[in-house]
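Visitor: For the record, the sequence lines run as chains A and B.
Residue numbers for the first sequence follow our numbering, beginning at -12 and rising by one.
Residue numbers for the second sequence follow our numbering, beginning at 15 and rising by one.
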Amino acid sequence: MAKVWIDGETTIDVEDADGVNSVSLTVDDKEIIVSTGQTILEAVQRVDGIGNIPALCNHPAVKPYGACRICTVEVSEDGGSKFKFVASCLYPVKQGLIVRTNTDKIKKLRKGIIELMLARCPNVKRIQELAEEYGVDKPRFVLGDQDCILCGLCVRACQEIMGKSAISLVNRGIYREVAAPFYAYELTEECIGCGDCAFVCPTGAIEMGDDGRPILPRVKIPYAEIEALMKKEAATPS
Amino acid sequence: MVEQVRKLLEKRVESVAELEKLRQSIVDKKDSSRTCISVCGGTACRAAGSEAVVDAFIDEIEKRELQVQVEMKETGCHGFCERGPLVVIEPKKIFYQQVKPEDVTEIIAETVLGGKVVERLLYVDPVTSQKITYEPDVPFYKRQTRTIFGANGEIDPTNIEDYIASGGYSALSKVLTGMKPQQIIDEIKKSGLRGRGGGGFPTGRKWQSCRDAKADIKYVICNADEGDPGAYQDRSLLEGNPHSVLEGMIIGAYVIGSHHGYIYVRNEYPLAVRHARIAIEQAMDYGLLGENIMGSGFDFTVTINKGGGAFVCGESSALMASLEGKIGEPKAKYVHMSEKGLWDSPSLLNNVKTWANISLIINKGADWYSKIGTAGSKGTMIFSLVGNINNTGLVEVPMGITLREMIFDIGGGIPNGKKFKAVQTGGPSGGCIPEQFLDTPVDFDELTKLGSMMGSGGMIVMDEDTCMVDVAKYFVEFLKGESCGKCTPCREGINRMSEILSGITRGKGKREDLDTLEDLAGILSAGALCALGQTAANPVLSTLRYFRDEYLAHIDEKKCPAGICRELIQYSIDPEKCQGCLRCLRACPTGAITGEKREAHTLNRGLCIKCGACYDVCKFNAVIRQ
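(1) Mind pulling the chain A residues with CB within less than 8 Å of R505 of chain B?
(2) For the region 485 to 497 of chain B, enumerate the residues whose C-beta is nearer than 8 Å to any C-beta of chain A, in chain order.
(3) Give, in chain order, every unbroken run of the alpha helix (DSSP H) that is at least 4 residues long and sits entirely within the region 43 to 122 of chain A.
(4) When the Cβ atoms of the region 389 to 402 of chain B are set against those of the region 191 to 201 of chain B, are three or more pairs found closer than 8 Å?
(5) Considering Cα atoms alone, identify which of B:I587, B:K487, B:L251 is closest to D630 of chain B.
(6) Give every residue of the same chain whose Cβ lies closer than 6 Å to the Cβ of E124 of chain B, excluding the five residues on either side of it in the sequence, and list them in chain order.
(7) What number of angstroms, rounded off, separates the C-alpha of M413 of chain B from the C-alpha of I421 of chain B?
(8) Based on DSSP bridge pairs, tell me the residues matched to N365 of chain B.
(9) Looking only at its own chain, which residues have a Cβ that is under 6 Å from the Cβ of I208 of chain A, when we skip the five neighbours before and after it?
(10) Mapping the DSSP letters down to three states, classify G472 of chain B as helix, strand or coil.
(11) I need the boundaries of the beta strand (DSSP E) containing M420 of chain B, first residue and last residue.
(12) Leaving out the 5 sequence neighbours to the left and right, which residues in its chain are closer than 6 Å to A211 of chain A when beta-carbon positions are compared?
(13) Which whole-angstrom value is the C-beta distance of S497 of chain B and A245 of chain B, which I expect to be below 8 Å?
(14) At 4 residues or longer, and completely inside the region 272 to 335 of chain B: list those alpha helix (DSSP H) runs for me, N to C.
(15) Give a yes or no on whether 8 Å exceeds the smallest Cβ distance from Y78 of chain A to chain B.
(16) Could one say the Cβ of T530 of chain B lies closer than 8 Å to chain A's Cβ atoms, at least one of them?
(17) Let me check one thing: in DSSP terms, what residues is G445 of chain B bridge-paired to?
(18) In whole angstroms, what is the alpha-carbon distance linking D230 of chain B and D484 of chain B?
(19) For G99 of chain A and chain B, any beta-carbon pair shorter than 8 Å?
(20) Do V86 of chain A and V14 of chain A have their beta-carbon atoms positioned less than 8 Å apart in this structure?
(21) Note down the Cα distance separating P204 of chain A from D529 of chain B, rounded to an integer number of angstroms.
(22) Which one of B:V475, B:L538, B:D176, B:M482 has the shortest CA to CA distance from K44 of chain B?
(23) For V187 of chain A, does the count of other Cβ atoms within 10 angstroms reach 16, so buried, or fall short, so exposed?
(24) Less than 8 Å separating the beta-carbons of T708 of chain B and Q81 of chain B?
(25) Taking the beta strand (DSSP E) that K17 of chain A falls in, what are its first and last residues?
(26) Could you spell out where the beta strand (DSSP E) holding R639 of chain B opens and where it closes?
(27) Ends of the beta strand (DSSP E) at V10 of chain A?
(28) Using 8 Å for Cβ pairs, my map puts V405 of chain B next to I424 of chain B. What's the rounded Cβ distance?
(29) How is the beta strand (DSSP E) around S155 of chain A delimited, first residue to last?
(30) Give a yes or no on whether the minimum CB-CB distance between T88 of chain A and chain B is below 8 Å.
(31) For V437 of chain B, tell me which candidate among B:I146, B:P429, B:I447 has the shortest Cα-Cα distance.
(32) Going by alpha carbons, who is nearest to I51 of chain B out of B:V67, B:V411, B:K347?
(33) Where does Y183 of chain B fall in DSSP's three states?
(34) Between E28 of chain B and chain A, is there a C-beta pair that is closer than 8 Å?
(35) Does the CB of A636 of chain B have a neighbour CB from chain A at under 8 Å?
(36) Since C50 of chain B is in the beta strand (DSSP E), which residue starts that stretch and which ends it?
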């Protein structure tokens, strides 16, 4: 009888998974037993030596979001005859699930997504590392100069951990960005300068300014200059 | 005040028997031989001036004191939008098209009083050149099966009594008195109804999982956030027959055990919002909605929520986020919305057309319903037939009709003697289907096989002057603007696709670009979070599959075969053909054309902005576009 890890701590028998409080599933041909109510990514991260799933928009302190998509894996719910792509940071573990974390198809998908990210943020170290790992040489697209990959971790940390909403994601599509509410130049008093947003940022796009408040990727200019800008804007008739 | 309350109480239908009594009294009051003038009041006819026609009729009827003999009705959309404003004179159904306020006096004098037909307002069949007098004989209507849409032209959407008289709310009374929720679900499963919003998910299965979900609070939602370019059938149904949608929702609520519902409708559909609101108010007054519906002890209310203008809010999870007051962004649906939807409660969301199908299935039975359509797709579907087509409008046809019948028999073919090139189905995430597949039966599975989809029923017909690369670019740009930006593949991938396509249309494309496009399509379909991104590559993939030579012409020869992509075409004047009529010279906005009268003109390419004005005005085909 196969002894397996449960939540990376103790070993029990495979048959002991009751399907209610714990489930057994197969990850890359290895059977594991984990407690229910968690996602594939959480489960895989807890068990040593199993699975290979990168993730950028995921952080244990905030709820999963599913934005970066590089944690995508293949799962089968019917014993392996049909596989589908799912975001492992959101997909709940289920009894009998078969998970593949690193097939050629997945590698190709991740490579494609990383290529898109690298084209947007060619100077970000974390993305460069991933690009090297997945074999992206040079993106086939026009290069941008952003630092922010819009994973939304900063916004979620502000809201979920601090109970504030000093920053938000505004606009849609490629015009989406992290900004102060109502697109204000300056962060309001809502921002208490806790620095959580800068801490969780996977790309270093948010830095803490000298005044103790974060500098958002949108306006990488010291806040002292903003007042002058706003005055100038008010003076120009639109 | 007391009087008003009493009146309101008298209206209330307290039991099924009372509803039948009310229906009988409305029918009895009606004199079927009485002339009824029904004017189409759908948004398209209103845009063509139907409101002025209605006013003219009312004035004329008052002037001649005909209020007793003649009934005047402003109905919902009849569907033949190309020919609006439409007027139908009942009971004979004499069909007048493109009616102007000036025609009203004549219609009243000749047709209503004199019993004669006003010949010049009749529809002329373009094939036989014969005038057609009666509405059902018009080829556009003749080939349709209008089970859901038919009532639109007969009832006044702002008057619940019209709906009741036509048998409305009888499905609800049948359900409340004699059917158990499971029985209703079994009936819907048996009917084979699939969701009409785009995905085509079996409706019965959705209802079952929502009924089985254990929760104290459940919600029912009508998705009327129709946003596909060129599609407006949901709007017309909600405008023209709001009670049929409401009735379906009440039945759905009864089945799953919900007491509150929402209609999420686009803010850009003011008439649909107004009519839905009136319908809710009237249904409340009649005791068909609200507390203790028809004395059954079942409570259900409906609230209208106007959308904020994001295409993605038509996606169920984004719609629910928007209803919750959050940013309208989709989330993963690994746990179905029918188990954990609005405010984490089980939520039953269906499209307007799906809801409208429910009462039909209950009334006529699943056996009757499942006879219509194909093996995998039952019932009828309402399509909006638009683009390069003679009969623009809304058509309801049984599933399984061929594209050819739809475009040529009902749609009347392509205008100006042009050739058919492709039809784009399923909205921006659908695909373009070329001529060789015109005989494909239209249903969920067949369209998917061709690389397109049913979607919400949009159908854009394109003629030979359409550049398929330009079409792909148009839809990709639409989706680029509507992508919420949450997930990387959709936000970045669609943007890169649009960059590449715009390069190709400007003659800057390379052969490798086609591989890149296919790679991006793979990333989108496997990696994107919601259906918007997953299907966003369809316009590109389907045009690449069927019109690859056009892409290659743009890339290799730097030519646009259809003459659409401005940077790849050149205008010149053929001196042999030019008669020197000065028409093009006058039309040219930049003065690029010079020449004397009766002498061949010349075109200065340096000044030419390629607007095509000269090409359009030349009567001698002397302007060459290459």
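Where a beta carbon is used, it is the ideal one built from N, C-alpha and C, also for glycine.
Just so it is clear, the structure is predicted and the values come from calculations on it, not from any experiment.
Guide: Let me spell this out:
(1) L137, G160, I161, R163
(2) K494, G495, E496, S497
(3) 91 to 107, 112 to 120
(4) no
(5) B:I587
(6) K130, V132
(7) 15 Å
(8) B:N237
(9) Unreliable positioning characterises I208 of chain A in this predicted model, as indicated by a pLDDT of 42, which lies under 50. A coordinate reading is not provided.
(10) strand
(11) No beta strand (DSSP E) holds M420 of chain B; DSSP gives it neither H nor E.
(12) Note that A211 of chain A has pLDDT 45, beneath the 50 cutoff, so the model's placement of it is unreliable and no number is given.
(13) With a Cβ gap of about 19 Å, S497 of chain B and A245 of chain B do not count as contacting.
(14) 284 to 299
(15) yes
(16) yes
(17) B:T439
(18) 51 Å
(19) yes
(20) yes
(21) 33 Å
(22) B:D176
(23) buried
(24) With chain B covering 15 to 640 only, the question about residue 708 of chain B has no answer from this structure.
(25) 17 to 22
(26) 637 to 639
(27) 9 to 14
(28) For the record, residue 405 of chain B in the displayed sequence is Asn; it is not Val. Right, their Cβ atoms sit about 7 Å apart.
(29) 155 to 157
(30) no
(31) B:I447
(32) B:V67
(33) coil
(34) no
(35) no
(36) 49 to 54
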